Amino acid sequence: MTVLAFDTATPATAVALCRSGEPPLEARDDPAPGRRPGHATRLLPLAVDLLRRAGIGWADLERIAVGTGPGTFTGLRVGIATARALARARGIPLTGVSTLHSLALGGLAAEAASQPFDAILAVLDARRREVFVAGWRPSALERGGEPFLSARALRPEALAEQVVELGLSPVLVGNGAVEFRSVLERSEALIPEGGSPLHQVSAIHHCRLVRALPGGDPADIHPEYLRLPDAEIARRSARP
Amino acid sequence: MILALETSCDDTCAAVVSTDGEIRSNVISSQGVHDRYGGVVPEIASRHHLELIGAVLDDALARAGASLEQDIELVAATRGPGLVAALLVGFATAKGLAAAHELPFAPVDHLHGHVAASFLAPRPFEPPFLSLIASGGHTLLARVGDRGPDFDAIAQTLDDAAGEAFDKGARLLGLGYPGGAALERLARDGDPLAFEFPTGERRAGLDFSFAGLKTALLYRVRELGEAEAERRRADLAASYQRAIVEALSIRVKRALLETGLGRLAIGGGVAANGPLRERLGTLEVELDVPPRELCTDNAAMIASAARYVDALSYPDYLDLDVYASGEQVLSAR
Ligand SMILES: [Zn+2]
Chain E
1 MTVLAFDTAT
11 PATAVALCRS
21 GEPPLEARDD
31 PAPGRRPGHA
41 TRLLPLAVDL
51 LRRAGIGWAD
61 LERIAVGTGP
71 GTFTGLRVGI
81 ATARALARAR
91 GIPLTGVSTL
101 HSLALGGLAA
111 EAASQPFDAI
121 LAVLDARRRE
131 VFVAGWRPSA
141 LERGGEPFLS
151 ARALRPEALA
161 EQVVELGLSP
171 VLVGNGAVEF
181 RSVLERSEAL
191 IPEGGSPLHQ
201 VSAIHHCRLV
211 RALPGGDPAD
221 IHPEYLRLPD
231 AEIARRSARP
Chain L
1001 MILALETSCD
1011 DTCAAVVSTD
1021 GEIRSNVISS
1031 QGVHDRYGGV
1041 VPEIASRHHL
1051 ELIGAVLDDA
1061 LARAGASLEQ
1071 DIELVAATRG
1081 PGLVAALLVG
1091 FATAKGLAAA
1101 HELPFAPVDH
1111 LHGHVAASFL
1121 APRPFEPPFL
1131 SLIASGGHTL
1141 LARVGDRGPD
1151 FDAIAQTLDD
1161 AAGEAFDKGA
1171 RLLGLGYPGG
1181 AALERLARDG
1191 DPLAFEFPTG
1201 ERRAGLDFSF
1211 AGLKTALLYR
1221 VRELGEAEAE
1231 RRRADLAASY
1241 QRAIVEALSI
1251 RVKRALLETG
1261 LGRLAIGGGV
1271 AANGPLRERL
1281 GTLEVELDVP
1291 PRELCTDNAA
1301 MIASAARYVD
1311 ALSYPDYLDL
1321 DVYASGEQVL
1331 SAR
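Below is the structure:
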């Protein structure tokens, strides 16, 4: 199966092209700190680069896969709007992949690490001193299995407490793990060093998950915001 | 045929228009969720756009009896000005649709879209003319020399947009959001000469200003007291509406004189206002008043404008971004 996968839930624009029997191709844009994400301007050019490198065209794609977050709201919408449009225009199925799931799957490569672990937690910076997090047992990850810790937004302190309460020795990956390292390392968590690619969302892992996930109608794929809009939070708290 | 998407504010729009300006379909989904927040909330509008755009697009193609693969020669979308997060939903969708079939793509300025509503069949209104575009987001006078995007913006608002003045007045009078249509309805039972509100007649120049008007209504309501203001709500609405209409028409008249143009076209949500249409009808010029659904935000006008911009061929448009402000138009002054 020929899959074009991408993710725009974090500041990165991550794109991959995966074909059966061929090594996956990846292209990405990681904006320097403080620079605006390039989702709107880089996503399609990166996808076209990969098609060229593979020597194929849009008509050869059999599946689109897109990261559904959680992550930055605008980034998610650019990714999902683009994915739906491509899948609809080509008449091919679209698969939604949890960005946290893909990140955690990539974290399995930490196996080479010095100490053993019994869980992988994907931790993304959710701003406002919160993280988006979900956790998997390593055995469940490959099979596209369900997380034992479902996706949620938490203060890093609360996450550290949960890790202790659950008696876990996890690996934590993602930009949220790096950002809040000092708080999160109070638990038994292992966090790879800051520059490690384990912290990057890579669409290659989306491709791996696509094999375990169904493809369907583009209209059925929705972003996982996990948070209400500010105006709605304000409105609800203003009501008596 | 041209497929166009428009998502610059809170209406999710798709349309199919033939290259000679015939509307094959013009689908508008008004979100109607913003009244509880007292205004359009960008994040909420953007979430709704993403939920609605697919169905709106399918509907536009189905009603036109058109298929993307066989009938669409050009894809267009509003690039700005507008709410960035909202614009991105339509823009990313349109770029994706065009890319997948390697079609050319036309990025359209929203204000050019409003002007280009006048170029649609069956009665295209030919430039040169003066264009008044008035809505909740913009208030603008432009000298339109041809059908292209390089029209000359000669006046703008210094503070609120005309539609904002309607909405803010409506809120002071206890009407919901958006308040323009509700205020117009209430004003039907009122006396437009009951109260005097500023029209900016004595202020020179072509630029608009509505902030003082809104403040004047606020003071008048306070002076009257709650009970009396309630009793005279219709008079207040009618007088306030008259002031907005006069403020607009005074400057339209000046601009016609200054430019020597004898033709006028109007667009934008405020151009759907009955008394404004009547008032401008009394000016001794040739007037183009598009149907209401082509005055308020819609994608048929974006498709119309797309016919007169330089479309980019695949893949030259893939890295285009949207823009929030109208600087690109106003810098033409
Ligand atoms: Zn408009």
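Residue numbers (the numbering used here), protein chains in the order written: chain E, 1 to 240; chain L, 1001 to 1333. Glycine included, C-beta positions come from ideal geometry on N, C-alpha and C. Please read all numbers here as calculations on a predicted model, not as lab measurements.
Check your understanding: If you measure from the CB of S1404(L), is any heavy atom of ligand 1 nearer than 7 angstroms?
Key -> Nothing can be reported for residue 1404(L), as the shown portion of chain L is limited to 1001 through 1333.
Practice item. Give, in chain order, every residue of the segment 1019-1047 of chain L whose Cβ lies closer than 8 angstroms to some Cβ of chain E. Key: R1036, Y1037, V1041, E1043, I1044, S1046, R1047
**Study point:** Inter-residue CB distance, G1268(L) and V1285(L) (contact presumed, cutoff 8 angstroms)
**Key:** Here residue 1268(L) corresponds to residue number 268 of the second sequence, with the count starting at 1. Here residue 1285(L) corresponds to residue number 285 of the second sequence, with the count starting at 1. Contact flag wrong, Cβ pair sits at about 18 angstroms.
Check your understanding: What does a CB cutoff of less than 7 angstroms around A189(E) pick up in its chain, not counting 5 residues either side in sequence?
Key -> Translated into the one-based positions of the first sequence, residue 189(E) becomes position 189. So the qualifying residues of the chain are V163, P170, L172.
**Study point:** Contacting residues, own chain, Cβ-Cβ under 8 angstroms from E1293(L) (five flanking each side not counted)
**Key:** Counting from one through the second sequence, the residue named residue 1293(L) turns up at place 293. Result list for E1293(L): N1026, I1028, in chain order.
**Study point:** beta strand (DSSP E) runs wholly inside the segment 1134-1190 of chain L, at least 3 long, in chain order
**Key:** 1139-1144, 1152-1156
Review point. Do the CB positions of R129(E) and A160(E) come within less than 8 angstroms of each other?
Key: The sequence position of residue 129(E) within the first sequence is 129, counting from 1. The sequence position of residue 160(E) within the first sequence is 160, counting from 1. The answer is no: Cβ separation not under 8 angstroms.
Check your understanding: Rounded C-beta distance between I1154(L) and R1143(L)? I'm assuming under 8 angstroms.
Key -> For this step, residue 1154(L) is matched to residue 154 along the second sequence. For this step, residue 1143(L) is matched to residue 143 along the second sequence. I1154(L) to R1143(L), Cβ: 6 angstroms. Contact.
Exercise for review: State the Cα-Cα distance for the pair S1008(L) and Q1156(L), rounded to the nearest angstrom.
Suggested key: Translated into the one-based positions of the second sequence, residue 1008(L) becomes position 8. Translated into the one-based positions of the second sequence, residue 1156(L) becomes position 156. If you take the alpha carbons of S1008(L) and Q1156(L), they lie about 19 angstroms apart.
Point to revise | D118(E): CB within 7 angstroms of a non-hydrogen atom of ligand 1 | key: Position 118 of the first sequence, counted from the first residue, corresponds to residue 118(E). False, no ligand heavy atom lies under 7 angstroms from that Cβ.
Check your understanding: With 8 angstroms set as the bound, which would you pick, yes or no: does the beta-carbon of I1302(L) sit closer than that to a beta-carbon of chain E?
Key -> Locating residue 1302(L) in the second sequence gives position 302, where the first residue counts as 1. Taking Cβ atoms only, chain E never reaches closer than 8 angstroms to I1302(L), which makes this a no.
Practice item. Could you tell me which of A1015(L), L1224(L), A1181(L), F1210(L) sits nearest to E1201(L), measuring between CA atoms? Key: Taking the first residue of the second sequence as 1, we reach residue 1201(L) at position 201. It is F1210(L).
Check your understanding: chain E beta carbons: is any one of them nearer than 8 angstroms to that of D1319(L)?
Key -> The residue you call residue 1319(L) lines up with position 319 of the second sequence. D1319(L) counts as touching chain E.
Review point. Would you say A1341(L) reaches chain E, if we count a Cβ-Cβ gap shorter than 8 angstroms as a contact?
Key: Residue 1341(L) lies beyond the residue range present for chain L, which begins at 1001 and ends at 1333; the question has no answer from this structure.
Exercise for review: With a 10 Å radius around its C-beta and 16 neighbouring C-beta atoms as the bar for buried, classify L1264(L) as buried or exposed.
Suggested key: Position 264 of the second sequence, counted from the start, is the residue given in the question as residue 1264(L). Under this definition L1264(L) is a buried residue.
Point to revise | Where the segment 212-237 of chain E meets chain L: residues whose CB sits under 8 angstroms from a CB there | key: P218, A219, H222, P223, Y225, P229, D230, A231, E232, R235
Check your understanding: Would you call the CB atoms of N1298(L) and G1180(L) closer than 8 angstroms?
Key -> Working through the second sequence from its first residue, we reach residue 1298(L) at position 298. Working through the second sequence from its first residue, we reach residue 1180(L) at position 180. No, these two residues do not count as a Cβ contact at 8 angstroms.
Check your understanding: Would M1(E) be called buried (16 or more neighbouring beta carbons within 10 Å of its own) or exposed?
Key -> Sequence index remark: in the first sequence, residue 1(E) carries index 1 (1-based). Its Cβ having fewer than 16 others within 10 Å, M1(E) is exposed.
Check your understanding: In the segment 80-101 of chain E, which residues sit with their C-beta less than 8 angstroms from some C-beta in chain L, listed in chain order?
Key -> I80, A81, T82, A83, R84, A85, L86, R88, A89, R90
Practice item. State buried or exposed for Y1219(L), treating a residue as buried only when at least 16 other CB atoms are found within 10 Å of its CB. Key: As a working mapping, residue 1219(L) is identified with position 219 in the second sequence. Exposed, by the Cβ-count rule.
Exercise for review: Work out the CA separation of L166(E) and E1327(L) for me, nearest whole Å.
Suggested key: Taking the first residue of the second sequence as 1, we reach residue 1327(L) at position 327. Taking the first residue of the first sequence as 1, we reach residue 166(E) at position 166. Note that E1327(L) has pLDDT 46, beneath the 50 cutoff, so the model's placement of it is unreliable and the number below is only indicative. Each residue's alpha carbon lies about 55 angstroms from the other.
Review point. Going by the C-beta, is D1010(L) closer than 7 angstroms to any heavy atom of ligand 1?
Key: Taking the first residue of the second sequence as position 1, residue 1010(L) is located at position 10. No - ligand 1 has no heavy atom lying nearer than 7 angstroms to the Cβ of D1010(L).
**Study point:** Buried versus exposed, by CB contacts within 10 Å (16 or more), A9(E)
**Key:** Walking along the first sequence from the start, residue 9(E) turns up at place 9. Buried, by the Cβ-count rule.
**Study point:** chain L within 8 angstroms of T74(E), Cβ atoms only
**Key:** Residue mapping note: residue 74(E) aligns to position 74 of the first sequence, counting from 1. For T74(E), the answer is yes, since a Cβ of chain L falls inside 8 angstroms of its Cβ.
Check your understanding: By Cβ distance, which residues of its chain are closer than 7 angstroms to L1052(L), with the 5 residues on each side in sequence left out?
Key -> Here the question's residue 1052(L) lines up with position 52 in the second sequence. Excluding residues within five positions, the ones whose Cβ falls inside 7 angstroms are T1012, S1029.
Check your understanding: Do we get a CB-CB distance below 8 angstroms when we pair Q1328(L) with the residues of chain E?
Key -> Within the second sequence, numbered from 1, the residue matching residue 1328(L) stands at position 328. Note that Q1328(L) scores 42 on pLDDT, short of 50, meaning its location in the model is unreliable and no value can be drawn from it.
Point to revise | Opening and closing residue of the beta strand (DSSP E) in which L1105(L) lies | key: Walking along the second sequence from the start, residue 1105(L) turns up at place 105. Note on residue identity: the sequence assigns Phe, not Leu, to residue 1105(L). 1105-1109 is the span of the beta strand (DSSP E), which, as asked, contains F1105(L).
Review point. What is the rounded straight-line gap between the Cα of G236(E) and the Cα of M1001(L)?
Key: Numbered from its first residue, the first sequence carries residue 236(E) at position 236. Numbered from its first residue, the second sequence carries residue 1001(L) at position 1. Residue identity check: residue 236(E) is Arg in the sequence provided, not Gly. Near 46 angstroms, if we compare the C-alpha coordinates of M1001(L) and R236(E).
Point to revise | Residues sharing a beta bridge with R1263(L), DSSP | key: The count along the second sequence starts at 1 and reaches residue 1263(L) at position 263. DSSP lists E1286(L) as partners of R1263(L).
**Study point:** Host beta strand (DSSP E) of F132(E) (start-end)
**Key:** Here residue 132(E) is taken as the residue at index 132 of the first sequence, counted from 1. Looking at the DSSP string, the run of the beta strand (DSSP E) that includes F132(E) is 131-136.
Check your understanding: Taking the beta strand (DSSP E) that A964(L) falls in, what are its first and last residues?
Key -> Here chain L comprises residues numbered 1001 to 1333, so residue 964(L) is not present and cannot be evaluated.
Check your understanding: Any heavy atom of ligand 1 closer than 7 angstroms to the Cβ of D1297(L)?
Key -> Along the second sequence, read from residue 1 onward, the residue named residue 1297(L) stands at position 297. It does: the Cβ of D1297(L) is within 7 angstroms (strictly closer) of some heavy atom of ligand 1.
Review point. Any heavy atom of ligand 1 closer than 7 angstroms to the CB of H1114(L)?
Key: Position 114 of the second sequence holds residue 1114(L). Yes, since a heavy atom of ligand 1 falls inside the 7 angstroms radius drawn around the Cβ of H1114(L).
Review point. Would you say W136(E) reaches chain L, if we count a Cβ-Cβ gap shorter than 8 angstroms as a contact?
Key: As a working mapping, residue 136(E) is identified with position 136 in the first sequence. Chain L, which has no Cβ nearer than 8 angstroms to the Cβ of W136(E), makes this no.
Check your understanding: Are any of the Cβ atoms in chain E nearer than 8 angstroms to that of T1012(L)?
Key -> Indexing the second sequence from 1 puts residue 1012(L) at position 12. Not one chain E Cβ lies under 8 angstroms of T1012(L).
Review point. Closer than 8 angstroms, CB to CB, is V131(E) near chain L or not?
Key: As a position in the first sequence, residue 131(E) is number 131, starting the count at 1. It does not: the Cβ of V131(E) has no partner Cβ on chain L nearer than 8 angstroms.
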